[in-house]
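Counting in UniProt numbering, the sequence shown runs from 1 upward without gaps. For every residue, glycine included, the Cβ atom is placed at its ideal position computed from N, Cα and C. Being a predicted model, the structure only gives us computed values, none of them experimental. Working notes for the structure below.
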Amino acid sequence: MSKKRKKRQEEEGNSEAWLLPYSDLLTLLLALFIVLFAMSSIDAQKFQKFSKVLNGVFVGGTSFFDYTKQTSGDDNGTSDTEKFLEQKKNDAQKNGDSTTNGSKSNSTTDTSNGQGDAQLKETQQRINTYIAHNKLEGKFKTSLTGEGLLITIRDNVLFDSGKAEVRKEDIKTAKALSNLLVMDPPRNIIVSGHTDNVPIHNSVFQSNWDLSVMRATNFLKIILENKNLNPKYFSAKGYGEYHPIASNDTQGGRAKNRRVEVLILPKNEKGNGR
Numbered sequence: 001m002s003k004k005r006k007k008r009q010e011e012e013g014n015s016e017a018w019l020l021p022y023s024d025l026l027t028l029l030l031a032l033f034i035v036l037f038a039m040s041s042i043d044a045q046k047f048q049k050f051s052k053v054l055n056g057v058f059v060g061g062t063s064f065f066d067y068t069k070q071t072s073g074d075d076n077g078t079s080d081t082e083k084f085l086e087q088k089k090n091d092a093q094k095n096g097d098s099t100t101n102g103s104k105s106n107s108t109t110d111t112s113n114g115q116g117d118a119q120l121k122e123t124q125q126r127i128n129t130y131i132a133h134n135k136l137e138g139k140f141k142t143s144l145t146g147e148g149l150l151i152t153i154r155d156n157v158l159f160d161s162g163k164a165e166v167r168k169e170d171i172k173t174a175k176a177l178s179n180l181l182v183m184d185p186p187r188n189i190i191v192s193g194h195t196d197n198v199p200i201h202n203s204v205f206q207s208n209w210d211l212s213v214m215r216a217t218n219f220l221k222i223i224l225e226n227k228n229l230n231p232k233y234f235s236a237k238g239y240g241e242y243h244p245i246a247s248n249d250t251q252g253g254r255a256k257n258r259r260v261e262v263l264i265l266p267k268n269e270k271g272n273g274r
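Take a look at the structure:
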């Protein structure tokens with residue numbers, strides 16, 4: 001009986017031994033939760049800074065991996081995350097300034113182009129008034145194109161067939177046009193000659209190309225007799241039959257192709273075409 005009682009007392013004593021490690025486990029868990037809570041506590045100032053920087057992350061700049069390479073050697077107590085966020089903020093500000101400056105530049109360019117177009121339209125109106133007053137609608141035509149203000153003159157207004165000299169009775173037309181070309185500031189102007197595709201070969205002209213060049217040159221000489229025009233802004237070109245505006249299969253189409261064109265270029269542009 002004494003042995004059984006002793007064994008029972010030992011079992012009762014051992015049954016309470018688990019309480020001690022259990023209490024230690026609870027203490028450790030409590031400590032763990034406290035540590036986790038402390039780690040997850042939010043610094044309001046840092047959070048606000050982080051939220052602002054995120055707004056600029058997607059506008060480009062240094063990537064996280066590139067940034068960590070650049071700052072891997074730093075050891076001044078500042079975390080890589082804070083450095084990255086600061087770099088992103090700087091990138092966002094730089095991109096914002098660049099966009100603003102670009103917008104200002106485009107706005108200035110658009111304003112300049114708008115003023116240039118207005119001057120070309122004003123010149124077109126003056127020329128159209130001259131055309132209407134002198135009943136030259138079928139012989140003169142103006143149009144605003146991507147290249148500038150284009151004035152088209154049918155060849156029979158100025159020249160006899162196969163000739164490059166401006167008829168004496170039509171010199172006044174060329175001089176009147178020269179007055180309409182006086183602009184402030186002056187523009188670059190191209191005078192170009194064009195023909196149909198009917199071959200020409202005589203003692204004066206070996207080809208339509210020769211004829212078109214001389215017509216443009218002779219017409220330009222009369223225009224530049226106007227002392228209010230500066231010759232450095234003018235040029236003459238000849239294209240022969242190679243820039244038709246109508247079919248050469250009909251008499252009417254060939255008549256349209258025989259022409260002189262005066263192209264007034266937009267402001268600050270130099271002639272490379274026509």
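Query	Result
Cβ pair residue 264, residue 234 closer than 7 Å	no
Euclidean distance between Cα positions of residue 226 and residue 155	22 Å
Whole-angstrom C-beta distance between residue 194 and residue 243, which should lie under 8 Å	6 Å
Residue 195 - DSSP class collapsed to helix/strand/coil	coil
Sequence-distant residues of the same chain with beta carbon closer than 6 Å to residue 228, five excluded per side	182
Cβ contact check for the stretch 141-148 and the stretch 159-167: 3 or more pairs under 8 Å	no
Backbone CA spacing between residue 141 and residue 221 [nearest angstrom]	21 Å
Residue 144 in three-state terms, based on DSSP	strand
Separation of residue 232 from residue 137, as counted between CA atoms	30 Å
Residue 200, DSSP secondary structure in three states	coil
Proximity below 7 Å, CB of residue 253 to CB of residue 246	yes
Cβ-based burial, residue 66 [other Cβ within 10 Å; buried from 16]	For residue 66, the predicted model reports a pLDDT of 49, less than 50, meaning its position is unreliable and no value from the coordinates is stated.
Cut-off 7 Å between Cβ atoms - residues of its own chain near residue 210, not counting five sequence neighbours on either side	none
For residue 241 and residue 257, believed in contact at Cβ under 8 Å, the rounded distance	7 Å
Coil, strand or helix - residue 238 by DSSP	strand
Neighbourhood of residue 174 by C-beta, 8 Å cutoff - its chain only, sequence neighbours within 5 removed	158, 166, 219, 222, 223
Proximity winner among 205, 129, 199, relative to residue 180 (alpha-carbon distances)	129
DSSP state of residue 264 mapped onto helix, strand, coil	strand
Beta-carbon proximity check, residue 261 vs residue 192, cutoff 7 Å	yes
Residue burial classification, residue 275 (beta-carbon count within 10 angstroms, cutoff 16)	Residue 275 is absent from the structure shown; the chain starts at 1 and stops at 274.
Boundaries of the beta strand (DSSP E) in which residue 152 is found, first to last residue	149-154
Residue 127 in three-state terms, based on DSSP	helix
Residue 204 to residue 161 span [Cα, whole Å]	13 Å
Extent of the continuous alpha helix (DSSP H) to which residue 214 belongs	208-223
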